[in-house]
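According to my numbering, the sequence shown holds residues 8 to 383 in order.
The beta-carbon is built from N, C-alpha and C at its ideal position, and this holds for glycine as well.
Since we're looking at a predicted model, the values are computed, not measured.
Okay, structure first, notes after.
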Amino acid sequence: MKVKYNLLKKEKNCKARYGTLETNYGTYETPMFMPVGTKATVKMLTVDELYEMNSGIILSNTYHLWLRPGEDLIDKAGGLHQFMNYKGPILTDSGGFQVFSLAKNKKKDITEEGVHFKSHIDGSKLFLTPEKSIQIQNKLDSDIAMSFDECPPASASHEYLKNSVERTLRWAARGKAVHSNPRQSLFGIVQGGAYEDLRRYSAIETVKMDFDGYSIGGVANDGESKDDMYKAIDYSIPYLPEDKVRYLMGVGEPIDLLEGVVRGVDLFDCVLSTRIARHGNAFTRRGKINLKNLKFREDFTPIEEGCDCYACRNHTKAYIRHLMLADESLGGRLLSLHNTRFLIKMMEEIREAIKEDRLLEYKEDFINKYTKKDEV
């Protein structure tokens, strides 16, 4: 079935929305944070742990699964859900961002037909087109597929971005034309950098193609300022339909999640929760902390008092610090559990705040506490 967004409540004091998203695997509340399982696994976490932390949609990536193990093998396994045994909805990114960020030596040849580049694994020559991206995703059998887009650098000029937006629109139409999986929804992607005219044009023209949902892309590029990110959202949202879900791609910092929600975004994803965990970092209500720091050597309290994640219910900062310094993988696992649950729990609280028209108060209180690092 195609995903269906139901708008249930608008916040009175901002553009935030509370709703539900009907999928092949049940109905889920939004706004929602989606953990990223790039290579058919959310790093260091089992599917049962994801269920326990109330995970909804998770992400996997077309580019990585195309290279290893290959879409044909996953198709033979019965699709991505069967392959990784996740009994919830899955969204697959098109591979566009990885092509532009991971290509060997960052060298690529962008043509109207597609992109020539070299594998980040072995340097072999690859060619990915809008049609190929969609065909791979059809075989992966994810619940939501993303259109193949160009992801220009944050420093790109207005002239370059204008041509890029036009190309992305043409690629979106080509991908939509070959999309053939009736169980799978297809989302369009709005680009245009931090330029109001380009975001408006991209959004209007993408919506004309009548996708099942819409995403705001190009906001997680290296070198982009927070202000430019927020401008990209502000310039795109007014032109996206209220009856379709809105997805901000690649954003997972807690404050950025709040800023996105108050601007009208419904879905978010990011690798941050597990990536920073592998380096010993944890989200807390008082900001990020690094468990490797000496001050936690004899700290026999949980990462965060009151947190309901497995790590906080069972272990202390001192123990996790020991694991990280001893290079024991359990340390990264425990922090991944905590960080991912932290963001999911935060979105649960945000949904309740929207229902009660107090999201701006929640945001102010959260940011005030989160930025007072001296109290950690």
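In the structure shown, the three-state DSSP call for ASN61 is coil. For VAL269, same chain residues with a beta-carbon under 6 Å away, outside a window of 5 residues either side, are CYS21, ALA23 in chain order.
The C-beta distance from PRO42 to THR347 rounds to 5 Å, short enough to fall under 8 Å. Per DSSP, reduced to three states, the secondary structure at ALA84 is coil, with no helix or strand assignment. The Cβ neighbour count for LEU332, taken over all protein chains shown within 10 Å, is under 16; the residue is labelled exposed.
In the displayed model, ASN321 falls within a helix according to three-state DSSP.
The three-state secondary structure of SER108, taken from DSSP, is helix.
The beta carbon of THR30 lies closer than 6 Å to those of VAL10, PRO96, ASP150 in the same chain, with the five residues before and after it left out. Collapsing the DSSP output to three states places GLY339 in a helix.
When DSSP states are grouped into helix, strand and coil, LEU74 belongs to the helix group. Annotation: the continuous alpha helix (DSSP H) that includes HIS165 extends over 165–185. When DSSP states are grouped into helix, strand and coil, ASP100 belongs to the strand group. By the criterion of a C-beta distance shorter than 7 Å, SER162 is surrounded in its chain by GLY230, once the five residues flanking it on both sides are discounted.
For PHE155, no pairing in a beta bridge is given by DSSP. Of all alpha-carbon atoms in ASN188, SER232, PHE40, the one lying nearest the alpha-carbon of GLY200 is that of SER232. Looking at the backbone, the Cα of GLU312 and that of THR34 are separated by about 31 Å.
Sixteen is the threshold: when 16 or more other Cβ atoms of the shown chains lie within 10 Å of the Cβ of THR213, as they do, the residue is buried. ARG328 and PHE303 do touch by the CB rule: their CB atoms are close to 5 Å apart, below 8 Å. If you look at ASN13, you'll find it in the beta strand (DSSP E) that goes 11–17.
With respect to PHE194, SER171 sits apart: the two C-beta atoms are not nearer than 7 Å.
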